[in-house]
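A.B. asks: Below: one structure in structure tokens.
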Amino acid sequence: MTKLILLLFSMTLFSCGQKGAGETAAPITEVKKASTTTAPSFNADSAYAYVEKQVSFGYRIPNTPAHKACGDYLVSELKRFGAQVYEQEATLKAYDGTPLESRNIIGSFNPDKDKRILLFAHWDTRPYSDHDPDPANHKKPLDGADDGASGVGALLEIARQMGMKAPEVGVDIIFFDAEDYGTPEFAKDRYNDTSDTWCLGSRFWGKNPHKPGYKAEFGILLDMVGAKDAVFYKEYISMKYAARYVDEVWEVARNLGYGKYFINANGGGVTDDHEAVIEETGIPCLDIINHDPNSENGFRDHWHTQNDNMSNIDKNVLKAVGQTVLEVVYNR
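Numbering (mature numbering (1 follows the signal peptide of the UniProt record, and there is no 0)), first residue to last: -21 to -1, 1 to 311.
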């Protein structure tokens, strides 16, 4: 995931820094009351296996065989679960001009339903470990077990559950590509580090949705949702554009007993796929993202390092996030 924590002393979205993390959020109000619909049980073992499977392909970097093989796997799984699948291929341009053969993968459930919810994550991995404590690792790719595979793994398990028990609403699951190819730290003296070097796949989809005029009631982005001791604050851009849905999701999580993960406090803003979707489509979106308000960069120590591997993945965290999302979807 990207990454730029935004300074909250200004309303501009591209100021660097962080502020606001840990401030108590306003009391939750006007939250939709949950119905009596029983959501499926999210299987954390299954989600973990999906994370592990993605990592087993190798680095999911555009233009590589591992990337293609993993993409083919994601397509086949969505089809196996009964989704109507769209593959959106495009050649996108990286920060340094490198052409990236990219593929957004969309799985639609209940495609004829007008009322829709959008669930999304990025499936590519960063080609650089530019925040690794060892400079010798900065140009090495990383496993992306948490940053990439965890969100996709959770959504694959949600898709599997929807294949067995359809929700009342339409749901579109999108795996965005080329999210994490932004300007690396070691190249900032030669290339601009602007937000448009990140989130390339989601930006492309927002301008060219798989269905012309596509609309959803709201969207949920899952980014880095698998690490041990993860905490999810109410991200700034999410609160600016989708506050009622943020409050709903956090209350559902609290009612399920996951309040230790979903913190009722404001976090910083993050340049991420939800921002691109909001800007291009106007769909209100929220970002469930692991945030460490005490770290220099706002993220956990394994972020964009060689340590983003399976040793960080916790089934309990996957369960908390996945079950919360299922409850929200099945109780609209």
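Glycine residues also receive a C-beta, built at the ideal position from the N, C-alpha and C atoms.
1. Where residue 295 and residue 40 are concerned, what is the direct C-alpha to C-alpha distance, given to the nearest angstrom?
2. Please report the Cβ distance between residue 160 and residue 38, rounded to the nearest whole angstrom; I am assuming they are in contact, meaning their Cβ atoms lie under 8 Å.
3. Within this structure, are the beta carbons of residue 90 and residue 106 separated by less than 7 Å?
4. Quick check for students: name the residue ranges of the alpha helix (DSSP H) that lie wholly in the region 91 to 149, counting only runs of 4 or more.
5. Chain D beta carbons: is any one of them nearer than 7 Å to that of residue 224?
6. Contact defined as beta carbons within less than 8 Å: I believe residue 128 pairs with residue 33. What is the distance between those atoms, to the nearest angstrom?
7. Return yes when the C-beta of residue 210 is under 6 Å from any heavy atom of the ligand SAM, and no when it is not.
8. Residue 221 and residue 178: beta carbons closer than 7 Å?
9. By how many angstroms is the C-alpha of residue 218 removed from the C-alpha of residue 225?
10. Out of 195, 19, 23, 147, point me to the one whose CA is closest to residue 292's CA.
11. I'd like to check one pair, residue 205 with residue 125: are the Cβ atoms closer than 7 Å?
12. Counting pairs of Cβ atoms below 8 Å between the region 151 to 168 and the region 231 to 238, do you hit three or more?
13. Do residue 86 and residue 137 come within 7 Å of each other at the CB atom, strictly closer than that value?
14. If you check the beta carbons only, do residue 130 and residue 202 fall under 7 Å apart?
15. How about residue 133 and residue 181: do their beta carbons lie closer than 7 Å?
16. If I follow the unbroken alpha helix (DSSP H) through residue 292, where does it start and stop?
17. Pick helix, strand or coil for residue 307, following the three-state DSSP scheme.
18. Which same chain residues, not among the five before or five after residue 209, have their C-beta less than 7 Å away from its C-beta?
19. Which residues in the same chain as residue 188 place their Cβ atom closer than 8 Å to its Cβ, once the five residues preceding and following it in sequence are excluded?
20. In three-state DSSP terms, what is residue 219?
21. If I'm right that residue 110 touches residue 284 with Cβ under 8 Å, what's the distance once you round it to whole angstroms?
22. Might you give, ordered along the chain, the residues of its own chain that have their beta carbon closer than 7 Å to the beta carbon of residue 31, omitting 5 neighbours on each side?
23. Please check the pair residue 308 and residue 54, which I expect to be a contact at CB under 8 Å, by giving their CB distance rounded to whole angstroms.
24. Less than 7 Å between the beta carbons of residue 238 and residue 212, yes or no?
C.D. replies: So, to answer that:
1. One C-alpha to the other measures close to 28 Å.
2. Taking a contact as a CB-CB distance under 8 Å, the pair residue 160 and residue 38 does not count as one, their CB atoms being some 12 Å apart.
3. Not closer than 7 Å, so no.
4. Correct list: 130 to 143.
5. This model lacks chain D altogether; it includes just one protein chain.
6. Yes, they are in contact, since the Cβ atoms of residue 128 and residue 33 sit about 4 Å apart, within 8 Å.
7. The ligand SAM is absent from the structure shown, which contains no ligands of any kind.
8. No, Cβ-Cβ distance for residue 221 and residue 178 is not below 7 Å.
9. One Cα belongs to residue 225, the other to residue 218, and the distance between them is close to 7 Å.
10. Distance from the Cα of residue 292 is smallest, within the candidate group 195, 19, 23, 147, for 23.
11. Taking 7 Å as the cut-off, the Cβ atoms of residue 125 and residue 205 count as close.
12. Flag = no, the region 151 to 168 and the region 231 to 238 do not touch.
13. At the C-beta level, residue 137 and residue 86 stay beyond 7 Å of one another.
14. With a cutoff of 7 Å on beta-carbon distance, residue 130 and residue 202 are scored as near each other.
15. Going by C-beta atoms, residue 133 is not nearer than 7 Å to residue 181.
16. Taken as a continuous stretch (DSSP letters only), residue 292 belongs to no alpha helix (DSSP H), as it is neither H nor E.
17. Helix at residue 307.
18. So the qualifying residues of the chain are 240, 269, 296.
19. Within the same chain, residue 188 has close Cβ partners 260.
20. In the three-state DSSP reduction, residue 219 falls in the helix class (H, G or I).
21. Beta-carbon to beta-carbon, residue 110 and residue 284 are separated by about 6 Å, close enough to satisfy the 8 Å threshold.
22. Exclusion of the five residues before and after residue 31 leaves 289 as the residues of its chain whose Cβ lies within less than 7 Å of its Cβ.
23. Between residue 54 and residue 308 the Cβ distance is about 22 Å, and since that is not below 8 Å, they are no contact.
24. Their beta carbons are not under 7 Å apart, which means residue 238 does not touch residue 212 by this criterion.
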